[in-house]
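Enquirer: Each protein sequence line maps, in turn, to chains G and W.
Quick note on the numbering used here: the first sequence kicks off at 184 and runs consecutively.
Quick note on the numbering used here: the second sequence kicks off at 346 and runs consecutively.
Note that CB positions come from ideal geometry on N, CA and C, so glycine has one too.
If you scroll down you'll find the structure; I have some questions about it.
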Amino acid sequence: MAEPASRASRDRAGWLRRDAERISGTLPPLLVEAERLVASVATGVHGRRQSGPGETFWQYRTAQPGDALSQIDWRRSARSDRLYIREMEWEAAETVLLWVDRAQSMQFRSAASPRSKAERAALLALAVAVLLARGGERFGLIGTEAEPPRTGERQLQRMAALLAAAPDPAAPDYGAPAEFALPRSGRVVFFSDFMGPREQVLPALRRAAGQGIGGVYVQILDPVEEEFPFIGRTRFESVGRGVRHETDQAAGLRARYHLRLAERRDELARTARAAGWQLLLHRTDESPRKALLRLHAFLGGAR
Amino acid sequence: MTALGFLSPWVLLGLAAIPLLWWLLRAIPPSPKVEVFPGVRLLLGLDDPERQAGKTPWWLLLLRAVMVAAVIVGFAQPVLNPSARLGQAGEGPVLILIDQGWASAPDWAARLGLANATLDEAAQAGRPVVLWLAADAPGRLPPPMAAAAARRVLDGARPQPVATDHAGLLAALEAAGDGGFGQILWLHDAIAYGGEATAALARALAARAPLRLIGPPLPARALAPPALSDGRMVVDVLRADRAAADVEVLALAATPDGPERRIALGRAAFAPGADHARAVFDLPPELIAQVTRVVLAQRASAGGAALADAAIRRVPVVVVDPATEGQVATLTSARRYLAEGLVPWADVTEAGLAGALARDPAAIFLADQGAIPQAEREALTAWVEAGGLLVRFAGPRLAAAIGEPPAAGAAPAEDLLLPVTLRRGGRVLGGALAWGAPRTLGPFDPQGPFRRLAPPAEVEVRTQVLAEPGPDLAGHIWATLDDGTPLVTAAGRGEGQVVLFHVSADPDWSSLPLSGLFVEMLGRLAALAPGQAAAVPSAEELQGTQWRLERILGPQGEPQAAPAGVDPVAGERLADGRAAAGLPPGLYARADAGPRAAGAAESLALNLHRPDDRLAPMPLAPPGAVSETLGGAETMHLAPALLMLAIALAAFDTLATLWLAGRMPGFGAPTGRAAPLALAVLALLGAGDARAEGAAPDRPAPDRPAPDRPVTAPADVSTAAETTLGYLVTGSAALDRLSERAMVGLGEQLMRRTAVEPGPPRGLDPERDELSLIPVIYWPLTDIAQPTDRALERLAHYIAHGGMLVIDTQNGEAGFGAAPAAQMRQIARALNLPPLAPVDGDHVLSRTFYLLNDFPGRWRGGRVWAEAPPPGADAARPGDSDLPRFDRVDDDVSPVVVGSADWAAAWAVDEAGQPLVPVGRMGDRQREMALRFGINLVMYALTGNYKSDQVHAPAVLERLGQ
């Protein structure tokens, strides 16, 4: 699958898709939704704005000594006295690895939000994947069988199937990024609520950031988690019932909860800044389009 | 006087447990609610700002303590005002004598309560009781019995519509001897019955044992039967007390459809010290004649009610017309006008002047009579002075007799049988030889009997007799002409009255007899007649007759059907006209077949009181007797109220606990001081009142949106917001799921391939759901799902108003051939389907999106039917015969598409988008074709004639080009 991204591959995506339809009937609803989401974001195989391997014409230049004979564009050269070489724009596929937190805490959904955090994370991840597939980039899903980065519709289908799978009841309460083999260059996107114990979450993040590659933390929170609207005598339990805390006066905890949440975000942001990463905050009651646009800007613009 | 006692005081020891409860409750806080919250890890280690809030708040503790205390005190059976009428030292049976007559009815409940309390007391003391109900056992003293048995007797007792016979009670008491009573209670009526007998009875009782007299605070009032006085109905109210109070009396009339109707209310004001007062009902005579009963508005009883009898009924009147005496009355004779005019108001007989008095009339209407022979004159004068009403009419004979001495040989003197002295020579107005025009009527005397009548303008008086002017003439005039000359004059003569119409009773002199006013005037005059018909016939008349009780006056003065099995009573006993023992007040009907005298009554009303009866107050208590007033502080058991309070507190405790735990929707958490305030508000409103929830002063949780109250069902809103594919719910789970998944699958394909982006499909119950929001409804019409008539009716309405129904019999090639034909025909008729035709390749349905030749579903073959093109469509466009006619049904979208290919099976996908059902031999190709048909179908339904117009576009363009 290491073939260079080309117009042929774009065409190929078209018939791959038809192929995929023929094989698997139709796309999973998640993928359809992701594609609808992506439809608003401008896409395309991005040029490098410099000459290099590719198939889009970039410029003619006069042949210099040392250029291979085969590089000479004879048709252009025949119209003048000099020899010209036809240069192509450099189009390169990049590797983006995605990690979607599959822990129990991501399954949380309050009455105020339309989707659970896990659903929103899966949607955003798949939308990014669709964007990447359209751009011909290579992408993989960390911690799954789709981790080796590939591109194309087949990888997209595989990822969609993995992301649309039913939640695992045996998953841990809180997730942390798993170990993964980073490509030498590329980017990483982490989708999680980053609500786990800090001694688990932060080192994993630092380790990933420490490998010298760029990346984004996308913290997805439910509005309830941000606003803490609880009152009265309450026992809080994590989704997996693994962690509990009981209080007599939930409203009295609100201010300090907000403080701690802000601290956690600060810590995340500091860690990210230290490694040149970015922290994206997303709430499940917001439009996913907003987060996707920012993600796209980051993945597409900052390189 | 107020006292509190406990029947089981030892239960109060349980109150000692309340402090223990207090400690227990303080130790155990209320259980928290559980919230799933991923952010809990951030909360770890955060302490509560105030630990105190974790314990049960003091006001909830107080509430629970009060609740427990209420239960304990309630089980201790507290009694407010425990009865202490029986002396503790008393021995021997207790005699409880209850006056059970009509006067006991207004406070019967109080009597029962007091007697029951005394029985309870006797039961606790273990003393026997002699319960003597004065009306149930008037003649003998009942034997002693246990208090429990006496209570049963008391429960069955009701006040009786009789006057208590104190003389009979006294005799029975004397006959029973000493009795050896320990104590005597007499619940009396505060009315003396039978003169001295009441005082004697009190003395006799006091002589036997300590006597306690218990009487009502206000004795019952009684009513005399209604009577007529001066044209008004009057009712006398009798009383034994001297309290200053007005009394209201209701007059009731029978209605044709049964129940009595209240028609008037009269007030009687007692003069100080008077023992009776009169309520006057100023009613039209026809209403008075309808009155059946009068009853006291308050504190009614059998004595406080009276049945109307003949005294206010139609009076017997005699019409005398000397002009036609002995002849047959002609249609224009005065006799006929008088008789017909009086029939609505009175019992009319006709007689000669000589025979009139023999009929014992209340009134005599005497038409145009000249001089009256001396014998009749004397008899008439005597009759009038005794109370009779003589109404005379003028006429030629009277006019001729004016001025003649009343009797031959007597000095001309005032004629007692004329109200005024008349002038010789009458007055002729408006005749052929007269100057004046006929006169009309003037206003009536506002105090006279015609006060409510309006004189009509069309009555004309042409001839009248005139009265001699005199100083007292004005006082005699009841009605005048418009020039002030008298039309009707009247004068009192002894007890009776003489009335003269100054015109004749036939239409010769005036048109008055022709008007309705004449009938009304006669009615007013008839009402003036004294109720001389004896209310009760004399004993001689009643001799040998039998009477049966038909209606009886109940204890509250209400008429009831007479109890069955009452023997008829002999007429002689009724002659007294008053109800008595064995002769209850009510309506009696003649029951024998003996000879009837003319005009003899067929029914009699018997009341407890006659008009001249009076009530006497209870004499003073004999020395040594204790007097008590009924209705004082009564014994009251508090246990039920306390237990109810405990239950209400428990309910409120539940609410409060929920609220504390923050589980009450729409209420915030407790915030310190608000809670006791809420408790106070609740206490004011009555604990446990559900409305109090809204009164708790609390802020609503700010983070929760106010609940929407949509007018439309939420499902309808989302259905209307998006294009929605519908399917009919058949009740078969497998079929319905297949339909739903088919709509999902088709919807996904529409979204991918076309501009249609349908929302989630909707299952529809045609009997209830709103169908008009759905453009296409898929209907799997199989044997297992037959619609009801109402469903068919609504579906017919749906397709008649632009909806499209896709009927799929799902049985493949067999199609309708296999479906029960009669059933299909029935459904088609119920849906009011248009004629159908097979869809062929020209139909717009095969052109809307894809170009299709056949329409497979799960099965191939089988036809698809849609509305047939209208007959004559071919002829409608003769010039276009050379054009390809793709669409023969013109603009209309077929309201129904019928097929049998089981499209749902081909469209259906599971949640992962995989097909649910294997399809045909051709597999994916056939499924694709089925989906294309589905897309065409939806396009056809949504775009309709636009697509069919597009089909014509090439032809149109071609013609334009030419």
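1. Quick one: is aspartate 376/G near chain W, going by C-beta distance under 8 angstroms?
2. Looking at tryptophan 1252/W: is its Cβ nearer than 8 angstroms to the Cβ of leucine 1116/W?
3. Give me, in chain order, the residues of the same chain whose beta-carbon lies closer than 6 angstroms to that of valine 1243/W; leave out the 5 immediate sequence neighbours on both sides.
4. Would you say arginine 1203/W lies against chain G (beta-carbon separation less than 8 angstroms)?
5. With 16 other CB atoms within 10 Å as the buried threshold, where does aspartate 654/W fall?
6. Looking only at C-alpha atoms, which of Gln254/G, Val407/G, Arg269/G and Arg265/G sits nearest to tryptophan 241/G?
7. Would you mind working out which of Ala362/W, Leu518/W and Val385/W sits nearest arginine 548/W, comparing C-alpha positions?
8. I'd like to know if serine 154/G contacts chain W, where contact means its C-beta is closer than 8 angstroms to some C-beta of that chain.
9. Express the C-alpha separation of isoleucine 414/G and proline 1015/W in angstroms, rounding to a whole number.
10. When you compare the CB positions of alanine 450/W and proline 489/W, do they come within less than 8 angstroms of one another, or not?
11. Counting pairs of Cβ atoms below 8 angstroms between the stretch 1245–1262 of chain W and the stretch 1274–1281 of chain W, do you hit three or more?
12. Serine 1239/W: buried (16+ other C-beta within 10 angstroms of its C-beta) or exposed?
13. Quick test of your reading: valine 221/G and alanine 301/G, contact by CB under 8 angstroms. State the CB separation rounded to the nearest angstrom.
14. Does any residue of chain W have a CB that is nearer than 8 angstroms to the CB of threonine 327/G?
15. Is the shortest distance between the beta-carbon of alanine 1046/W and the beta-carbons of chain G less than 8 angstroms?
16. Using beta carbons (cut-off 8 angstroms, strictly below), is leucine 444/G in contact with chain W?
17. Looking at the secondary structure, which residues open and close the beta strand (DSSP E) in which tryptophan 892/W lies?
18. Out of curiosity, what's the CA-to-CA distance linking tryptophan 892/W and glycine 910/W?
19. Starting from glutamate 380/W and walking both ways along the alpha helix (DSSP H), at which residues does that stretch end?
20. Using only the alpha-carbon positions, how far apart do leucine 476/G and valine 399/G sit?
21. Any Cβ of chain G within less than 8 angstroms of the Cβ of phenylalanine 997/W?
22. If contacts are defined as beta-carbon pairs under 8 angstroms, then alanine 299/W and valine 639/W qualify, I think. What distance do you get, rounded to the angstrom?
23. Please identify, using Cβ separations under 8 angstroms, the residues of the stretch 1265–1285 of chain W that lie next to chain G, in order along the chain.
24. Who are the near neighbours of glycine 1071/W in its chain, counting only those whose CB is closer than 6 angstroms to its CB and skipping five residues on each side?
25. Which residue comes first and which comes last in the alpha helix (DSSP H) that contains valine 729/W?
26. Could you check the C-alpha separation between glycine 384/W and valine 384/G for me, to the nearest Å?
27. Starting from aspartate 465/W, trace the beta strand (DSSP E) both ways and give me its first and last residue.
28. Under 8 angstroms Cβ-Cβ, which residues of chain W neighbour arginine 447/G?
29. Whose C-beta lies closer than 6 angstroms to the C-beta of glycine 1325/W among residues of the same chain, with five residues either side of it excluded?
30. Sorted by chain position, which residues of the same chain lie with C-beta nearer than 6 angstroms to threonine 694/W's C-beta, five sequence neighbours on each side aside?
31. What does DSSP give as the partner residues of valine 1301/W in its beta bridges?
32. Spatial neighbours of valine 1101/W within its chain, please: C-beta separation below 7 angstroms, excluding the five flanking residues on both sides.
33. The alpha helix (DSSP H) with glycine 513/W in it runs from where to where?
34. To the nearest angstrom, how far is it from the Cα of aspartate 444/W to the Cα of leucine 568/W?
35. How many Å lie between leucine 370/W and leucine 406/W at the Cα?
36. Taking beta-carbon pairs under 8 angstroms, can you tell me which members of the stretch 407–428 of chain G lie near chain W?
Expert: So, from the listed chains and residues:
1. yes
2. no
3. Ile1152 and Trp1210
4. no
5. buried
6. Arg269/G
7. Leu518/W
8. Since the first residue of chain G shown is 184 and the last is 486, residue 154/G is not available in this structure.
9. Unreliable placement is indicated for proline 1015/W, whose pLDDT of 49 sits below 50; the coordinate value is still reported in the next sentence. Roughly 9 angstroms between the two C-alpha positions.
10. no
11. yes
12. buried
13. About 20 angstroms; that fails the 8 angstroms criterion.
14. no
15. Unreliable placement is indicated for alanine 1046/W, whose pLDDT of 40 sits below 50; the coordinate value is still reported in the next sentence. Chain G, which has a Cβ nearer than 8 angstroms to the Cβ of alanine 1046/W, makes this yes.
16. yes
17. 891–898
18. 13 angstroms
19. No alpha helix (DSSP H) holds glutamate 380/W; the beta strand (DSSP E) holding it covers 378–381.
20. 13 angstroms
21. no
22. Residue 299/W lies beyond the range of chain W shown here (346 to 1307); nothing can be said about it.
23. Asp1269
24. Arg1107, Leu1109, Ile1119 and Ile1122
25. 719–730
26. 14 angstroms
27. Element bounds for aspartate 465/W: not the beta strand (DSSP E) but the alpha helix (DSSP H), 453–470.
28. Leu387
29. Look at the range of chain W in this structure, 346 to 1307, and you will see that residue 1325/W is not part of it.
30. Val663 and Arg704
31. Paired residue(s): none; valine 1301/W is not in a bridge.
32. Thr1068, Leu1095, Val1283 and Leu1287
33. 511–521
34. 19 angstroms
35. 7 angstroms
36. Val407, Glu408, Glu410, Phe411, Pro412, Phe413, Ile414, Gly415, Arg416, Thr417, Arg418, Phe419, Glu420, Ser421, Val422, Val426, Arg427 and His428
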